[in-house]
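Taken in order, these protein sequences are the chains called A and B.
Position 70 of the first sequence, counted from 1, bears residue number 70 in UniProt numbering, the numbering being contiguous throughout.
Position 197 of the second sequence, counted from 1, bears residue number 197 in UniProt numbering, the numbering being contiguous throughout.
Glycine included, every Cβ here is placed at the ideal spot set by N, Cα and C.
Written below as structure tokens is the structure these notes are about.
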Amino acid sequence: MARALVNVPKEAKQGETVEIRAMIAHPMETGYRVGPNGINIPRDIIRRFACTYNGEEVFRADLHPAVSANPFFAFTLVALASGTIEFTWTDDAGATQTASAMITVS
Amino acid sequence: MRTLWRLAAIGVSAFFGIVSARGIEVGEKRSGFDFMTPETQALQADDISNPGMLWVLQGEQLWQEPEGRANVACSGCHGDASRTMSGVAVRYPVFDEATGRPIDLAGRINACRTERQQAEPLAPESDALLALTTYVTHQSRGMPVTPANDPRLAPFRENGRRLFQSRIGQLDLSCASCHDDNWGKRLGGSAIPQAHPTGYPLYRLEWQMVGSLQRRLRNCMIGVRAEPFAFGAPEFVDLELYLAERARGLPVETPAVRP
Numbered sequence: 001m002a003r004a005l006v007n008v009p010k011e012a013k014q015g016e017t018v019e020i021r022a023m024i025a026h027p028m029e030t031g032y033r034v035g036p037n038g039i040n041i042p043r044d045i046i047r048r049f050a051c052t053y054n055g056e057e058v059f060r061a062d063l064h065p066a067v068s069a070n071p072f073f074a075f076t077l078v079a080l081a082s083g084t085i086e087f088t089w090t091d092d093a094g095a096t097q098t099a100s101a102m103i104t105v106s
Numbered sequence: 001m002r003t004l005w006r007l008a009a010i011g012v013s014a015f016f017g018i019v020s021a022r023g024i025e026v027g028e029k030r031s032g033f034d035f036m037t038p039e040t041q042a043l044q045a046d047d048i049s050n051p052g053m054l055w056v057l058q059g060e061q062l063w064q065e066p067e068g069r070a071n072v073a074c075s076g077c078h079g080d081a082s083r084t085m086s087g088v089a090v091r092y093p094v095f096d097e098a099t100g101r102p103i104d105l106a107g108r109i110n111a112c113r114t115e116r117q118q119a120e121p122l123a124p125e126s127d128a129l130l131a132l133t134t135y136v137t138h139q140s141r142g143m144p145v146t147p148a149n150d151p152r153l154a155p156f157r158e159n160g161r162r163l164f165q166s167r168i169g170q171l172d173l174s175c176a177s178c179h180d181d182n183w184g185k186r187l188g189g190s191a192i193p194q195a196h197p198t199g200y201p202l203y204r205l206e207w208q209m210v211g212s213l214q215r216r217l218r219n220c221m222i223g224v225r226a227e228p229f230a231f232g233a234p235e236f237v238d239l240e241l242y243l244a245e246r247a248r249g250l251p252v253e254t255p256a257v258r259p
């Protein structure tokens, strides 16, 4: 299970701009640090973050080694219909972690 | 280099007796939160942006997971943590009958693990131990630190006070040299707080993760170029005991955010 915190308002008015926030626990190991054995610690970062609103992609970001651990995103979207907002984080190995939240639009 | 000069200046002024280890006046007690920038304060104040909450979340999951040969979860005995663990962390460290010594919360969690769950103890600073400690302490957020008034703790607390005021390391500084005598001033660009451990385990931006009070104490010891005590050393628990008494009355902030 993903250790992620997402914040989506439970209710919104039609056409209202709402703020979405998402944070995931991840070390974001850059690959440039040297371990105690003198060998570089292998790179392990989240490469891509995407957010879909009722299946349609509304926000996407590419991440790079300079991003700090436990990356946090905040962005806005316009509430058009009730439904599910899904978040996907994809790491270097291609593994994904997901979280989702419901929004009711009136 | 400037840091060194400043440290030297603190040392010299202490040598000539200009400052003394009087402690912090009543009414002047302030959490480290007050010394932070508004941006970092905002990060701590909002549970959605506070990265320490990720450890609280993990702790909540671990609380309900059966462990060890006894195959029992923390919740198996203690039930709902929001009810049973509320106000527990404010009195730690407490006296442990089994060892005849004070024990801190992380130590208690590990003792519970080995004795009741019959599982392997968690390594110090491991994600799981930090998460459980953070989760349990979080249940007391906002409550004032009220250390136990157990007379058996007195000699250990006194030892903690002695350690706090003893000069150590190549820079020959005590905890009190900075945190009693020079709090509110700056050291190498950073504010010197009063060293009240009200937010531990806390998320340090420098660490990029949650860490314990002992990790912070080790950092400070390395900073004055002393040999740090090992994790879980009795000296650290004595120091924690003294620091808790020193912070009496301040609200618990766990998980705090510090630069």
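If I follow the unbroken alpha helix (DSSP H) through B/W55, where does it start and stop? Taking the first residue of the second sequence as 1, we reach residue 55 of chain B at position 55. Unbroken alpha helix (DSSP H) run through B/W55: 53–63.
Limits of the unbroken alpha helix (DSSP H) element including B/M221: Mapped onto the second sequence, residue 221 of chain B falls at position 221. Where B/M221 is concerned, the enclosing alpha helix (DSSP H) starts and stops at 213–223.
Buried or exposed for A/I39, going by 16 or more other Cβ atoms inside 10 Å? Within the first sequence, the letter at position 39 stands for residue 39 of chain A. A/I39 is exposed by the Cβ-count criterion.
Residue from B/Q194, B/L213, B/H196 with nearest C-alpha to B/Y203: Position 203 of the second sequence, counted from the first residue, corresponds to residue 203 of chain B. Ranking the options by Cα distance to B/Y203, first place goes to B/L213.
Starting from the beta carbon of B/L54, find every residue of chain A whose beta carbon is closer than 9 Å, and list them in chain order. Here residue 54 of chain B corresponds to residue number 54 of the second sequence, with the count starting at 1. What B/L54 touches in chain A: R3, A4, L5, M23, I24, A25, N70.
Would DSSP call B/P151 helix, strand or coil? Walking along the second sequence from the start, residue 151 of chain B turns up at place 151. DSSP places B/P151 in helix when its eight states are reduced to three.
Which residues DSSP lists as bridging A/D44, in chain order: By one-based count along the first sequence, residue 44 of chain A stands at place 44. Note: A/D44 sits in a beta bridge opposite A/E29.
By the 10 Å Cβ neighbour count, where 16 or more other Cβ atoms means buried, how is B/A98 classified, buried or exposed? On the second sequence, residue 98 of chain B is found 98 positions in, with the first residue counted as 1. The residue in question, B/A98, is exposed, as its Cβ has fewer than 16 Cβ neighbours within 10 Å.
Taking the Cβ atom as the reference point for each residue, do A/P65 and A/I85 lie within a distance shorter than 8 Å? Your numbering for residue 65 of chain A matches position 65 in the first sequence. Your numbering for residue 85 of chain A matches position 85 in the first sequence. No, the Cβ-Cβ distance between A/P65 and A/I85 is not below 8 Å.
Could you tell me if A/M1 is buried or exposed, where buried requires 16 or more neighbouring beta carbons within 10 angstroms of its beta carbon? Looking up residue 1 of chain A in the first sequence gives position 1. Model confidence at A/M1 stands at a pLDDT of 49, short of 50, so the residue's coordinates are unreliable; what they give is reported in the following sentence. Answer is exposed; the Cβ neighbour count stays below 16.
A/L5 lies in the beta strand (DSSP E); which residues open and close that run? By one-based count along the first sequence, residue 5 of chain A stands at place 5. Segment 4–7, the beta strand (DSSP E) holding A/L5.
Residue-chain proximity (B/M221, chain A), Cβ-Cβ < 8 Å: Within the second sequence, numbered from 1, the residue matching residue 221 of chain B stands at position 221. Chain A, which has no Cβ nearer than 8 Å to the Cβ of B/M221, makes this no.
Comparing C-alpha positions only, which one of A/P71, A/A81, A/A93, A/P36 sits nearest to residue 337 of chain B? Since the first residue shown for chain B is 1 and the last is 259, residue 337 of chain B is missing from the structure and cannot be characterised.
Anticipated Cβ contact below 8 Å, A/L5 with B/L43, distance rounded: Within the first sequence, residue 5 of chain A is the residue found at index 5, counting from 1. Within the second sequence, residue 43 of chain B is the residue found at index 43, counting from 1. Wrong, their Cβ atoms sit about 13 Å apart, outside the cutoff.
For chain A, check one thing: does any of its Cβ atoms lie closer than 8 Å to the Cβ of B/P255? The residue you call residue 255 of chain B lines up with position 255 of the second sequence. So no, B/P255 is outside the interface.
Indicate whether at least one CB of chain A lies closer than 8 Å to the CB of B/T41. Position 41 of the second sequence holds residue 41 of chain B. One point to set straight first is that residue 41 of chain B is Gln, not Thr, in the sequence displayed. Judged by the 8 Å Cβ criterion, B/Q41 is not in contact with chain A.
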